[in-house]
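Q:
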Amino acid sequence: SNTGPFMRYSFQEPFLTLKNMSITFDTNRNVYDAVLLCESSKCTRNEICIEDMCVDRGSLRFVARWSRQNRQGYLIIRTPLNHTIFYDNSHTNSSADEGRHEVIGDASRVDSIYWPLNTIPPKGFYKICFSTGSLLNGTDKSPITVTIEIRRPQQELEIMTHSFNRSTTHLNECIDTSDTFIGSYSTGTF
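Residue numbers (the numbering used here): 70 to 259.
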């Protein structure tokens with residue numbers, strides 16, 4: 070029987086469908102299995118789908134997205150412990166701050182920095198920056214808009230957007246006054 074447009078369940082067909090999620094019920098053992106559908110893959114409960122790839126959900130994840138294809142841009146995060154993480158400095162050397170850069174797919178429209186699920190991100194303010202890399206090079210000189218997604222388990226997705234009219238000059242710097250700066254994010258009482 071149908072209970073609405075988002076859910077389908079019947080005893081004859083032990084299957085429930087939600088957008089991008091599959092939950093299979095085993096009525097004999099009274100258990101269920103939930104997976105996130107991600108293109109041709111199925112993500113586990115500890116993964117999320119980004120650019121059609123299953124990646125670690127993380128205890129904190131920053132994702133930068135842009136629409137211009139076949140061009141490279143770079144997310145830069147300065148942590149509350151003053152560590153800077155970006156493509157060329159992919160993780161900190163601190164056990165108190167275990168954030169790391171992750172390449173997703175061919176990295177032509179997305180970049181990500183995250184803290185694994187078994188780690189606790191430092192509390193405080195994170196500075197979010199973005200280096201335009203090759204996004205504003207070449208013949209297309211129109212502005213590029215970058216969307217930053219901030220993901221935490223059991224929290225609403227937070228989004229920031231910023232448009233760049235010219236190439237950034239500070240390729241690995243993330244301070245309030247740099248041309249890469251997008252904004253700050255506080256973990257508060259994480």
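Don't be surprised by glycine CBs; every beta carbon is placed ideally from N, CA and C.
Since the model is a prediction, treat every value here as computed from it, not as a measurement.
Look at the alpha carbon of Tyr156 and the alpha carbon of Arg147, and state the distance between them as a whole number of angstroms.
A: Between the alpha carbons of Tyr156 and Arg147 lies a distance of about 13 Å.
Q: Do Thr201 and Thr237 count as a contact pair if the criterion is CB distance below 7 Å?
A: Contact: yes.
Q: Near Pro191, what residues of its chain come up, given a Cβ to Cβ distance below 6 Å and the 5 sequence neighbours on each side ignored?
A: Thr148, Pro149, Leu150, Asp166
Q: Start and end of the beta strand (DSSP E) containing Gly252?
A: 250-255
Q: My understanding is that Leu129 touches Asp180, with C-beta atoms under 8 Å, so please give their C-beta distance in whole angstroms.
A: No, Leu129 and Asp180 are not in contact; Cβ-Cβ is about 15 Å, not under 8 Å.
Q: What did DSSP end up calling His231 once you bin it into helix, strand or coil?
A: Strand, per DSSP.
Q: Would you decide whether Phe233 is buried or exposed? Buried here means 16 or more other CB atoms lie within 10 Å of its CB.
A: Buried.
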